[in-house]
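Written out below as structure tokens is the structure these notes cover.
There are 4 protein chains.
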Amino acid sequence: MHFKSNVCYNKNMPKVINHDEVRGKLLSQCLNLFSHEGYGSLTMRKIAKALNVSTGTLYHYFDSKEDLFRQLVEYITHQDLFDVEKALQGADTFSERVDALLRFFIDREDYFLNQVIIWMDYTRQQGEGTEAEPGPREALVQYEQGIIRLLGIEKEVARFILAAINGLVIQRYIDGGRTSLATQSILIRQYLLGQEEQGSL
Amino acid sequence: MHFKSNVCYNKNMPKVINHDEVRGKLLSQCLNLFSHEGYGSLTMRKIAKALNVSTGTLYHYFDSKEDLFRQLVEYITHQDLFDVEKALQGADTFSERVDALLRFFIDREDYFLNQVIIWMDYTRQQGEGTEAEPGPREALVQYEQGIIRLLGIEKEVARFILAAINGLVIQRYIDGGRTSLATQSILIRQYLLGQEEQGSL
Amino acid sequence: MHFKSNVCYNKNMPKVINHDEVRGKLLSQCLNLFSHEGYGSLTMRKIAKALNVSTGTLYHYFDSKEDLFRQLVEYITHQDLFDVEKALQGADTFSERVDALLRFFIDREDYFLNQVIIWMDYTRQQGEGTEAEPGPREALVQYEQGIIRLLGIEKEVARFILAAINGLVIQRYIDGGRTSLATQSILIRQYLLGQEEQGSL
Amino acid sequence: MHFKSNVCYNKNMPKVINHDEVRGKLLSQCLNLFSHEGYGSLTMRKIAKALNVSTGTLYHYFDSKEDLFRQLVEYITHQDLFDVEKALQGADTFSERVDALLRFFIDREDYFLNQVIIWMDYTRQQGEGTEAEPGPREALVQYEQGIIRLLGIEKEVARFILAAINGLVIQRYIDGGRTSLATQSILIRQYLLGQEEQGSL
DNA sequence: CATGAATGAGTATTCATTCAT
DNA sequence: GATGAATGAATACTCATTCAT
């Protein structure tokens with residue numbers, strides 16, 4: 345995307361590589377893999393092959409398969425923060441902002457589905473034992489607050505909208521796309537406009 | 345492939361084993377296992393140990409791990425048909441029927457979550473290649489029609505409600521139960537009652 | 345060696361195998377392997393191939409490579425207890441008993457060398473951390489006491505004799521057999537007979 | 345194989361690096377590593393980390409892990425030649441020289457043990473195939489002749505003494521130091537003094 | 001000279017599956 | 001029908017080694 349020089353000279357002239365940059369580049373290619381195969385079924389060899397590197401290289405950048413997965417979750421979770429805000433711009437009326445929101449999700453349906461699938465795998469992975477790492481939970485809150493800021497609605501309503509969108513995406517995944525996003529969007533739209541009329545926001 | 349008698353008579357006639365019955369009993373114990381571990385991470389040995397049988401026995405009743413999983417999906421998919429109808433009984437007014445529906449899902453949240461998780465794993469498993477087996481898709485339609493029959497609402501609205509419930513359950517899974525089912529139920533309730541008033545059903 | 349029936353019938357007629365017996369049979373073939381290759385260089389695949397079984401079978405009987413090694417140490421350590429006593433029989437005079445002892449070690453030089461090598465690898469394996477498992481230490485004491493009982497000499501003298509024999513075997517290992525066991529035996533013999541004359545036993 | 349200058353002049357003349365010197369410095373730090381981990385279990389990365397250099401540097405000075413090990417054996421084998429002679433000085437009577445010898449080994453027990461362990465690993469490494477390189481065999485002969493020169497005893501007796509000391513060190517390794525070096529030294533001392541009295545040297 | 005990123009064959013271990021009993 | 005011993009391909013991960021910088 346943006347230009348970044350890879351060249352630098354240190355005293356003994358070893359091969360110069362920006363570790364974190366490479367790591368990020370690798371992570372960015374992993375979302376689809378994990379989402380399509382599932383944590384348990386995706387092998388390090390498959391990943392290596394898909395990323396055109398050796399397994400050794402994978403382990404050079406990540407401690408383990410689990411570590412790679414965790415970093416992926418963190419990566420995609422943070423990635424969104426910028427994007428969500430974009431939906432805010434250039435929409436004046438409430439109706440326009442609702443449209444912007446729906447469009448945001450419709451345009452990114454695939455990415456959003458992958459994200460939810462990863463989150464579910466991640467949640468499963470942790471088991472009930474670990475309560476520690478927030479990860480996806482945080483991301484959900486981010487989405488929620490983005491919706492609240494955009495539409496100026498109550499937290500519980502925003503959460504409901506998010507759940508509905510989540511559910512739609514998943515339903516389309518399961519039923520092979522038979523659910524119509526266009527039609528369902530209209531329903532969500534009507535609901536939100538109705539809420540505004542009632543002043544119950 | 346080959347013919348297999350379901351009834352077996354020992355010389356002493358006491359022990360009659362019904363192949364399908366045993367199979368069903370085994371399947372019924374697998375939902376949690378697959379849902380908690382994921383298809384890729386669950387091993388036949390874990391299953392065998394959890395069901396208190398040997399792996400040999402597992403392979404006596406199922407051709408492969410994949411076959412077992414498919415049969416499980418079929419099993420849980422058909423299992424619901426009976427249950428859904430129960431929600432219909434003893435609810436006269438529209439409001440009561442809405443309550444019955446919400447209660448149905450809230451009471452069975454765990455089961456419903458497991459079911460959705462399995463469906464997602466199943467969908468993933470099949471890949472884009474196989475278009476053949478409907479499975480979960482059918483089940484979703486069943487739920488949809490159950491809701492239509494119960495509430496007398498339009499198909500797209502029923503689908504929306506289902507998606508919202510789906511989404512809620514998953515959101516609660518991901519955020520560790522932070523989303524309140526009670527509060528969200530009220531929103532769904534308000535939405536449905538509002539729809540009825542408008543006569544837009 | 346001795347006859348042992350493998351046949352038995354349990355209620356469901358599964359394949360009947362004496363787990364421990366097979367395990368022992370496998371262990372008995374591992375001494376040379378570990379001794380010749382060294383713990384770190386010997387692979388499970390090499391072991392499996394040498395024992396004519398699959399790696400899976402190896403792991404059916406042993407938890408890990410380390411577990412296999414530990415059990416091997418225990419196995420060879422206990423194996424000796426019977427053999428040491430044999431050297432006692434049919435030797436009346438002190439001189440005869442000394443000869444019996446020397447002959448015992450000379451005849452079993454290879455086995456004894458392997459044993460010492462394994463013990464050293466085992467000691468190294470444990471690191472300084474674990475003080476727990478006696479293993480080889482016990483075996484050394486057994487040898488010591490066997491020598492004491494046989495020759496009626498003091499503990500420290502017995503220990504000295506054992507050390508000398510240990511050292512000889514290792515020296516022959518390192519120098520490719522250039523040290524003569526016959527000549528050295530005479531020295532040990534002279535030393536022991538000298539000790540007896542002095543009555544310093 | 346190819347010629348390699350040991351001296352290197354940078355353009356600014358300050359940094360003169362002697363290839364062999366650096367190599368020796370590296371080797372001198374490897375004895376403990378190989379002895380504690382064992383050839384098969386010690387990795388080039390562990391070595392590099394322990395020596396505070398990169399693996400690349402290691403391969404700059406040594407062709408391979410095996411080459412490094414061989415050079416280490418050669419290094420420690422030659423290192424001793426000087427030290428052994430030190431034990432000779434300032435000991436006039438036979439008794440004093442015996443004490444000097446015993447003290448020599450007792451003071452250097454750890455180093456001597458490491459050395460024997462390395463020799464055994466080296467012997468194992470070569471397998472029966474290679475008869476070529478003498479290495480440790482030579483070193484044993486050196487020790488032997490040093491003892492002969494020091495005490496003026498017969499070759500086979502010197503060899504016996506060496507074997508006993510070897511055996512003692514190893515026995516202490518295996519039994520965790522339970523064997524007393526002091527007590528055992530007295531036995532060796534008595535034996536040697538007895539030999540002298542008999543004039544059987 | 002020195003570095004450490006990259007490689008891919010190799011390591012310990014696991015897994016779905018088979019089959020003799 | 002039921003068992004669990006046996007298999008060997010596959011898995012996560014490591015290692016000696018190379019090489020661009």
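Residue numbers (this note's numbering), protein chains in the order written: chain A, 345 to 545; chain B, 345 to 545; chain C, 345 to 545; chain D, 345 to 545.
All C-beta atoms in this analysis are idealised placements derived from N, C-alpha and C, irrespective of residue type, glycine included.
Counting C-beta neighbours from all protein chains within 10 Å, is the total for residue i 16 or more, i.e. buried, or is it exposed?
| i | result |
| --- | --- |
| B:N362 | exposed |
| B:R441 | buried |
| B:D519 | buried |
| D:N510 | buried |
| C:D451 | exposed |
| C:D465 | buried |
| D:Q539 | buried |
By how many angstroms is the C-alpha of residue j removed from the C-alpha of residue i?
| i | j | result |
| --- | --- | --- |
| B:T527 | C:D411 | 56 Å |
| C:C352 | B:L386 | A caution first: C:C352 carries a pLDDT of 40, below 50, which makes its placement in the model unreliable, though a value can still be read off. Cα-Cα distance, rounded: 34 Å. |
| C:A435 | C:L495 | 10 Å |
| A:R533 | B:Y383 | 37 Å |
| D:L375 | D:Y405 | 16 Å |
| C:S372 | C:Y455 | 12 Å |
| B:L370 | B:R414 | 13 Å |
| C:K348 | C:Y419 | Because the pLDDT of C:K348 is 35, which lies under 50, any placement of that residue in the model is unreliable, and the question is left without a value. |
| D:E453 | D:H380 | 15 Å |
| B:R367 | B:T401 | 10 Å |
| C:N350 | C:D364 | Because the pLDDT of C:N350 is 39, which lies under 50, any placement of that residue in the model is unreliable, and the number read from its coordinates should be weighed accordingly. If I take the Cα positions, the gap works out to 12 Å. |
| B:A483 | A:L525 | 20 Å |
| B:Y517 | A:V485 | 14 Å |
| D:Q542 | D:Y535 | 11 Å |
| B:T421 | B:D407 | 20 Å |
| B:L531 | B:A508 | 11 Å |
| A:Q423 | A:E500 | 25 Å |
| D:I461 | C:N396 | 31 Å |
| D:R468 | C:Y403 | 27 Å |
| B:I497 | B:F504 | 11 Å |
| B:Q433 | A:G521 | 32 Å |
| B:E429 | A:E429 | 44 Å |
Might you give, ordered along the chain, the residues of its own chain that have their beta carbon closer than 8 Å to the beta carbon of residue i, omitting 5 neighbours on each side?
| i | result |
| --- | --- |
| A:Q515 | T523 |
| B:L537 | F438, S439, V442 |
| A:L377 | L386, K390, I391, A394 |
| C:S398 | A392 |
Beta-carbon separation of residue i and residue j under 9 Å?
| i | j | result |
| --- | --- | --- |
| D:R491 | D:L445 | With the sequence shown as reference, residue 491 of chain D is identified as Ile, and Arg is not the correct amino acid for it. Yes. |
| B:L512 | B:E488 | no |
Go through its chain and collect everything with a Cβ distance to residue i's Cβ below 6 Å, but skip five positions before and after it.
| i | result |
| --- | --- |
| A:A502 | E488, I491, I492 |
| A:W463 | P480 |
| A:S529 | L446 |
| B:N458 | L375, S379 |
| A:K409 | M388 |
Taking only beta carbons into account, state which residues of the region 413–427 of chain B come closer than 7 Å to chain A, listed in chain order. none
Residues of the region 492–516 of chain B whose Cβ lies closer than 8 Å to any Cβ of chain A, in chain order: Those would be E500, V501, R503, F504, L506, A507, A508, I509, N510, G511, L512, I514, Q515, in chain order.
Using a Cβ-Cβ cutoff of 9 Å, what residues of the region 363–390 of chain A are near chain B? List them in chain order. Along the region 363–390 of chain A, the positions whose C-beta sits under 9 Å from a C-beta of chain B are S379, H380, E381, G382, Y383, G384, S385, L386, read in chain order.
Using a Cβ-Cβ cut-off of less than 9 Å, give me the residues of the region 443–470 of chain B that come near chain A, in sequence order. V460, I461, W463, M464, D465, Y466, T467, R468, Q469
Chain C contacts from the region 526–539 of chain D (Cβ-Cβ distance under 8 Å): If the cut-off is 8 Å between Cβ atoms, the region 526–539 of chain D has T527, Q528, L531, I532, Y535, G538 near chain C.
Positions along the region 392–403 of chain B whose CB lies within less than 7 Å of some CB in chain A: none
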